[in-house]
Amino acid sequence: MKKVIILILILVVLGVVGVFAFGPKPDENIPSAQIDENVSLDENMDDVDTATEDNTSLSLRGRRYNAAISFKGFGPGKEHEGSIKTVTSTFATDESMVFSGEIIADMNTISTEIDLLTNDLKSERFFDTSTYSEAKFVVVSNTESDVTGDMTIHGVTKRITVPYTTTKEGFSSTFNIDMKDFGINQTLANEVIELTINLN
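In this text, residue positions in the sequence shown follow our numbering: the first is 77, and each later residue adds one.
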């Protein structure tokens, strides 16, 4: 009997190790958000890099954009997709393709294909939306391929730089971002999520 129990425990341990070793993980080909730990967010940052104007559609200049946010999360043996249903945006470009404005996500409108998962993401175990109802990205500067801004999640603000691409309708950015940097730690789920922001 004792040998059987030990064998079962060994199988359980091997199963857990296998799930973490071979389960879904963030795509390593997706760039990660670069966090600037040397920047004090209390400083007044007025410097703005001007984006290159070559090969940029005139229709994208001097206008405001709506924003849509989606994400992928990774847990033991599974991958889930979700979105933020309510997003407000003052993101804009000027005639020289300099970015400005901010994107605000109502975290209480986070949604996935599984109600239990949605509720878990809203709980204190993850985003704690009853306390931190908003996530926000405030533009600081941009180049022709990257945008830098102050990202606030879970009440923590970090200055990040992420790549973006120009689309027919506007701009798109997909990147991996580690929730541990924003005070969110998980035992089972992977703290790194794949985040996509589309501006149209």
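Built from N, CA and C at the ideal position, the CB exists for glycine as well.
State the DSSP-derived secondary structure class of residue i, mapped to helix, strand or coil.
i, result
"residue 249", "strand"
"residue 112", "coil"
"residue 135", "helix"
"residue 263", "coil"
"residue 170", "coil"
"residue 188", "strand"
"residue 222", "strand"
"residue 256", "helix"
First and last residue of the beta strand (DSSP E) that includes residue i?
i, result
"residue 271", "268-275"
"residue 211", "210-218"
"residue 232", "232-239"
"residue 66", "In this structure the chain extends from 77 to 276, so residue 66 is not present and cannot be described."
"residue 147", "143-151"
Please confirm whether residue i and residue j have their CB atoms less than 8 Å apart.
i, j, result
"residue 256", "residue 245", "no"
"residue 179", "residue 167", "yes"
"residue 226", "residue 233", "yes"
"residue 190", "residue 156", "yes"
"residue 109", "residue 213", "no"
"residue 183", "residue 143", "no"
"residue 169", "residue 197", "no"
"residue 269", "residue 148", "yes"
"residue 141", "residue 165", "yes"
Could you spell out the range, first to last residue, of the alpha helix (DSSP H) harbouring residue i?
i, result
"residue 194", "191-198"
Would you say residue i lies against chain B (beta-carbon separation less than 8 Å)?
i, result
"residue 163", "Of the chains in the structure shown, none is chain B; there is only one protein chain."
Please classify residue i as buried or exposed, where buried requires at least 16 neighbouring CB atoms within 10 angstroms.
i, result
"residue 101", "exposed"
"residue 200", "exposed"
"residue 264", "exposed"
"residue 243", "exposed"
"residue 218", "buried"
"residue 193", "buried"
My assumption, with CB atoms under 8 Å, is that residue i sits in contact with residue j. Please give the rounded CB distance.
i, j, result
"residue 111", "residue 235", "7 Å"
"residue 158", "residue 188", "4 Å"
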